[in-house]
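>
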Amino acid sequence: MRRVFQQVDVFTSRPCLGNPLAVVLDAEGLSPEEMQRFAAWTNLSETTFVFPPTTPAADYRVRIFTPAGELPFAGHPTLGTAHAWLGAGGTPRDDDRVIQECDAGLITVRRDALSREAPAADAPSGLAFAAPPLLRYEPADAELLVHLAEVLRIPATDIVAAQWVDNGPGWVAVMLASAERVLAVDPGTVDLSVGVIGPHPAGGPAAFEVRAFSPLITTVEDPVTGSLNASLATWLFDTGVVQGPFTTRQGTRLGRDGQVRLSRGEDGTVWVGGDTVTCIVGEVDI
C-alpha cells in the first residue's frame with residue numbers, strides 16, 4: 000500500500016545540514032514488524048510513523064523507530080514529525096502548539112510565528128518541544144569518571160564536570176573546558192550514551208559546542224540530538240552556568256551545522272527548539 004512520506008532535516012534552516020528524519024504520515028494498519036523493517040531500510044537514526052491519536056487531548060500519535068528498535072521519545076523526531084504533519088495539512092486544535100502523543104506521554108510542541116503563518120511543506124518552520132522530565136539526574140561517581148575518560152580517550156583531568164542527565168536514552172553529560180576540546184574528541188569503543196559539551200568564546204557561532212556518542216546510534220556520533228540538548232539545558236540552568244536563552248551547535252565534525260535554541264520558562268519548563276526543512280515529499284510502498 001502506498002503511503003504519504005516525507006524526509007525532513009531538523010535543527011537547520013538549510014537542507015542537508017541538520018539531522019534527517021523519515022516520516023510516514025498515514026501509518027494506520029502497519030504492524031510493528033513492518034515499521035521496524037522500514038526503519039532499518041531507511042538507515043536513518045530515526046523513522047517515525049503517524050497515527051490518529053488515542054486521546055482527545057492529542058493532535059496525532061507517533062511511534063519512533065531506530066534501525067534497531069522502538070523508542071518511547073526522541074527529540075529531533077518530535078520536531079520533525081510535527082513539521083511534516085503541519086506541512087501535509089495537519090490542523091492542531093490550538094494554533095500556538097501541537098500536542099503529540101507518544102509512548103512517553105503527551106509532548107507539547109510550541110509553534111513560532113513563521114510556523115503558524117507558513118505551514119507549507121517546503122517552508123522552514125521554527126518549533127520547540129517541552130523537555131520531558133529527567134529519569135536519572137545525579138553526578139557521575141569516580142568510577143564512571145575514569146570510564147568516561149577511557150571512552151572519550153581524554154585525560155580524566157580534562158573533565159570539568161560530569162552528570163547523569165538521562166531523559167530516556169541514558170545520557171551522561173561531560174563538560175570540557177572549551178568547544179575546541181569538544182571538537183578534538185576522538186572516542187574509542189562507545190558503550191554508553193555520552194554527551195560532550197564545551198563553551199565557545201564570546202562572539203562564537205553558538206554559546207556551546209555539543210557532540211553525542213552512543214552505541215544506540217548506527218554511526219556512533221549523532222548529527223544533532225534534541226533529547227541530549229534538552230537534558231544538558233536542564234543541567235546548565237540548574238547549576239547557574241547559564242541564566243537565559245542560549246544556542247548550541249552540533250554536528251560540526253560531521254559536516255553539519257545544527258543549531259539548537261534552548262530556553263527555560265517561568266514555570267521551569269525547558270524548551271528545545273530549532274528550524275526544520277523538508278527535503279523529500281512523495282509516497283512509499285510498505
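For the record, in the sequence shown the residue sitting at position 46 is 45 according to the working numbering, with numbers rising by one throughout. Note that the Cβ used here is the ideal one computed from N, Cα and C, for glycine as well. Since we're looking at a predicted model, the values are computed, not measured.
1) What did DSSP end up calling Met0 once you bin it into helix, strand or coil?
2) Counting only runs that start and end within the stretch 120-171, where is the alpha helix (DSSP H) found for 4 or more residues in a row?
3) Reducing DSSP to helix, strand and coil, say where Val262 ends up.
4) Which class does Pro76 belong to by DSSP, given the choice of helix, strand or coil?
5) Kindly indicate which residue of Leu24, Ala232, Phe48, Val9 has the alpha-carbon position closest to the one of Cys278.
6) Can you tell which of Glu179, Gly104, Phe212 has its C-alpha closest to the C-alpha of Gly169?
7) Taking DSSP's pairing of strands, which residues face Ala21 in a bridge?
8) Straight-line CA distance for Val241 to Ala178?
9) With contact counted as at least three CB pairs below 8 Å, one residue from each stretch, are the stretch 191-205 and the stretch 260-274 in contact?
10) Is Glu220 helix, strand or coil by DSSP?
11) Report, in whole angstroms, the separation of the C-beta atoms of Leu20 and Thr54, which I expect to be a contact under 8 Å.
12) Going by alpha carbons, who is nearest to Glu52 out of Ile98, Ser230, Thr107?
13) Got a sec, what are the start and stop residues for the beta strand (DSSP E) Thr275 sits in?
14) Starting from the Cα of Ala57, find the closest Cα among Ile106, Phe37, Arg255, Ala161 and give me that residue.
So, from the data block:
1) If you number the sequence shown from 1, residue 0 lands on position 1. Residue state, collapsed to three classes: coil.
2) 141-151
3) As a working note, residue 262 is residue 263 in the sequence shown. Reading off the sequence shown, one finds Ser at residue 262, where the question assumed Val. Looking at Ser262 - three-state DSSP - the assignment turns out to be strand.
4) Position 77 of the sequence shown holds residue 76. If DSSP states are grouped into helix, strand and coil, Pro76 belongs with the helices.
5) Residue 278 sits at position 279 when you count from the first residue of the sequence shown. That would be Val9, whose Cα lies nearest to the Cα of Cys278.
6) As a position in the sequence shown, residue 169 is number 170, starting the count at 1. It is Phe212 whose Cα lies nearest to the Cα of Gly169.
7) Sequence index remark: in the sequence shown, residue 21 carries index 22 (1-based). The partner list for Ala21 (beta bridge, DSSP) reads Gln6, Thr46.
8) As a working mapping, residue 241 is identified with position 242 in the sequence shown. As a working mapping, residue 178 is identified with position 179 in the sequence shown. Straight-line Cα distance between these residues: approximately 16 Å.
9) no
10) Counted from its first residue, the sequence shown places residue 220 at position 221. The answer is strand: DSSP assigns Glu220 an E or B state.
11) The residue given as residue 20 occupies position 21 in the sequence shown. The residue given as residue 54 occupies position 55 in the sequence shown. Going by Cβ atoms, the distance from Leu20 to Thr54 rounds to 24 Å, so no, they are not a contact pair.
12) Along the sequence shown, read from residue 1 onward, the residue named residue 52 stands at position 53. Residue identity differs from the one stated: residue 52 is Pro in this sequence, not Glu. The residue with the shortest Cα to Cα distance from Pro52 is Ile98.
13) For the purposes of this step, residue 275 is identified with residue 276 of the sequence shown, where counting begins at 1. Unbroken beta strand (DSSP E) run through Thr275: 269-284.
14) Here residue 57 refers to the residue found at position 58 when the sequence shown is read from its first residue. Cα-wise, what sits closest to Ala57 is Ile106.
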